[in-house]
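Asks: Numbering (our numbering), first residue to last: 12 to 255. Dumping the structure here so I can ask a few things about it.
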């Protein structure tokens, strides 16, 4: 069986030739379906003029589409020298680190250990300001990525977890109850029970919004019994929870 062929206009022939040249060069490539290639070659044969031109024409430069756009974007993420950041004022330092963190979260979906190491060199006050600035920028999904990026590095987790709980995590989870945040809440209750308990008591003390209190109670209700017992053993916390 043979299908009738159509004539190509002179304007489209150069593009066609270039495409066919590249297709022929990549017919053994791992991304090529060789069976489909042979089937199309059989049912849609090229006319002799195009075959002749194809054999003598060099392809023009082309874009490699085997790499994903995301990989290309990642290669373009430029991290400014840390020294340049450190020489800035406190506000500029906070802004620069915030932009770096958000770039990594949105493009690479991970934060490198080297960046965390530099964040740990900041003063406690500057770290607090940095985390406070992230509250307005970061999504709950990105917050999960941020947590996973340093949770796997124990030495960093132990140094940064208090800032994370007080300044970033609890302000963020007040927005709504989610399954993923519940998992992080459980992990935090295992790694840093004392700080989390203390911070929760403070939250129940100062928070006036009943909706937010109920969201926090949802998270607390999913924690291990020993943590809930430790929290309720605090008379002040027990009273505040019953009150709400």
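Where a beta carbon is used, it is the ideal one built from N, C-alpha and C, also for glycine.
From residue 153 to residue 147, what does the alpha carbon distance come to, in whole angstroms?
Replies: Each residue's Cα considered, the two are about 12 Å apart.
Asks: Taking just the CA atoms, how far does residue 178 sit from residue 222?
Replies: If you take the alpha carbons of residue 222 and residue 178, they lie about 20 Å apart.
Asks: Can you give me the C-alpha to C-alpha distance between residue 236 and residue 211, rounded to a whole angstrom?
Replies: Whole-angstrom Cα-Cα distance: 16 Å.
Asks: Tell me, to the nearest whole angstrom, how far the beta carbon of residue 157 is from that of residue 116; I am working on the premise that it is less than 8 Å.
Replies: The Cβ separation is near 6 Å, so the contact holds.
Asks: As an exercise, report each continuous alpha helix (DSSP H) stretch of at least 4 residues that is fully enclosed by the stretch 187-215, in chain order.
Replies: List check, alpha helix (DSSP H) in window: 190-202.
Asks: Below 7 Å between beta carbons: does that hold for residue 200 and residue 238?
Replies: Yes, they are a contact pair.
Asks: Answer yes or no: the CB of residue 152 versus the heavy atoms of the ligand ZN, is any distance below 6 Å?
Replies: Inclusion of the ligand ZN in the displayed structure is not the case, the ligand content being empty and no account of it being possible.
Asks: Rank 125, 140, 118 by C-alpha distance to the C-alpha of residue 261 and give the top, closest one.
Replies: With the chain covering only 12 through 255, there is no way to say anything about residue 261.
Asks: At the 7 Å Cβ level, is residue 146 part of the contact set with chain B, yes or no?
Replies: The displayed structure is made up of one protein chain only, and chain B is not part of it.
Asks: Run through DSSP, which three-state label would residue 159 get?
Replies: Residue state, collapsed to three classes: helix.
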